[in-house]
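Undergrad: This is the structure, below, for whatever I ask next.
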Amino acid sequence: MAIFIIALGAVYSQLFKMSAEEYLPSLAAGYLFWTMFATVICESPTIFIDNAAYIKDMKINLLILVVRAISRNIIIFLHNAIFIASVFIYFQIWPQWQILFLIPGLVLVILNLFWIMLLIGILGARYRDLAPIIMSLVQVLFFISPITWLPKLVGENSWVIRLNPIAYFLDLTRSPALNETPMMSSWIVSSMICALGLTTAFFLYAYKRERIVYWI
């Protein structure tokens, strides 16, 4: 991650004609949170398939497998955050009161990741072709999401921002780290996505959980 951020920051800051002080911290924070998003999403289609031995040999609550996978990625996220903190210290970006938004924002994003992993995990157990499709989709999302570029370059009201849920998740997590206040629209949209997603995922889980053991 350190090599990627430093190399990309050196090139893209020149490409976008931005100073390293403005671009590199944004890239570092954005890529840190994106790594957690992408890893969870890519693991989702095979979450139950990879744990088939546990599911077949014992009666286990499948939600525990989802919680375990997300918890593992949170731990990795915290390890990677050490390097990001060093970037912020180098550019003398010290925490201010906006950092308080990071905790509820991160909780809301993790809840969204929970239903995404559960929903895709169920579908992935039934349809094995879903895994490569998700991998390709994640690659596309990386380029169309404001990770290596800043939202102001396309305009806050651009459809690339407004129709991309990753942009809202990034705003909730990256903005507080950069001492900026997340937009109210990010809270509203992310909460609506979370409520709809959790309802759909739990409905599908309640309806199909007994079939998952036969699919895998």
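Count along the sequence shown from 1, then add 21; that gives the number in my numbering.
By construction, the Cβ of each residue, glycine as well, lies at the ideal position given by its N, Cα and C atoms.
1. Quick check on this structure: which residue in 228, 188, 84 has the alpha carbon closest to the alpha carbon of residue 209?
2. Could you tell me whether the stretch 139-153 touches the stretch 218-237, using the rule of 3 or more Cβ pairs below 8 Å?
3. Would the beta-carbon of residue 53 fall within 8 Å of that of residue 114?
4. My output table needs one value for residue 202: the three-state DSSP class, helix, strand or coil.
5. Give me the Cα-Cα distance between residue 56 and residue 98, rounded to the nearest whole angstrom.
6. Rounded to whole angstroms, what is the Cα-Cα separation between residue 152 and residue 64?
7. On the three-state DSSP scale, how would you describe residue 169?
8. May I have a chain-ordered list of the alpha helix (DSSP H) segments no shorter than 4 residues that lie completely inside the stretch 75-102?
9. Would DSSP call residue 69 helix, strand or coil?
10. If you drop the 5 nearest sequence neighbours on each side, which residues of the same chain put their C-beta closer than 7 Å to that of residue 230?
11. So, are the CB atoms of residue 168 and residue 181 less than 8 Å apart?
12. Between which two residues does the alpha helix (DSSP H) holding residue 179 run?
13. Going by alpha carbons, who is nearest to residue 198 out of 36, 39, 109, 60?
14. Can you grab the Cα-Cα spacing for the pair residue 40 / residue 103, in whole Å?
15. Can you give me the C-alpha to C-alpha distance between residue 22 and residue 45, rounded to a whole angstrom?
16. Could you have a look at residue 46 and say whether DSSP puts it in helix, strand or coil?
17. Go to residue 35, then tell me how far its alpha helix (DSSP H) extends in each direction, as first and last residue.
18. If you follow the alpha helix (DSSP H) that residue 131 is part of, which residue opens it and which one closes it?
TA: The structure says:
1. Check the Cα spacing between residue 209 and each of 228, 188, 84: the tightest is with 188.
2. In short, these stretches touch, since the Cβ pair count reaches three.
3. Their beta carbons are not under 8 Å apart, which means residue 53 does not touch residue 114 by this criterion.
4. Coil at residue 202, not helix or strand.
5. Using only the alpha carbons, I get a separation of about 8 Å.
6. One C-alpha to the other measures close to 8 Å.
7. The answer is coil: DSSP assigns residue 169 none of H, G, I, E or B.
8. Along the length of the stretch 75-102, whole alpha helix (DSSP H) runs at least 4 residues long do not occur.
9. In the three-state DSSP reduction, residue 69 falls in the coil class, being neither helix nor strand.
10. Residues of the same chain with a CB within less than 7 Å of the CB of residue 230, apart from the 5 flanking positions on each side, are 83 in chain order.
11. No. Outside cutoff.
12. No alpha helix (DSSP H) holds residue 179; DSSP gives it neither H nor E.
13. Nearest to residue 198 by C-alpha distance, out of 36, 39, 109, 60, is 109.
14. Cα-Cα distance, rounded: 23 Å.
15. Going from the Cα of residue 22 to the Cα of residue 45 covers about 13 Å.
16. Helix at residue 46.
17. Looking at the DSSP string, the run of the alpha helix (DSSP H) that includes residue 35 is 23-36.
18. 123-147 is the span of the alpha helix (DSSP H), which, as asked, contains residue 131.
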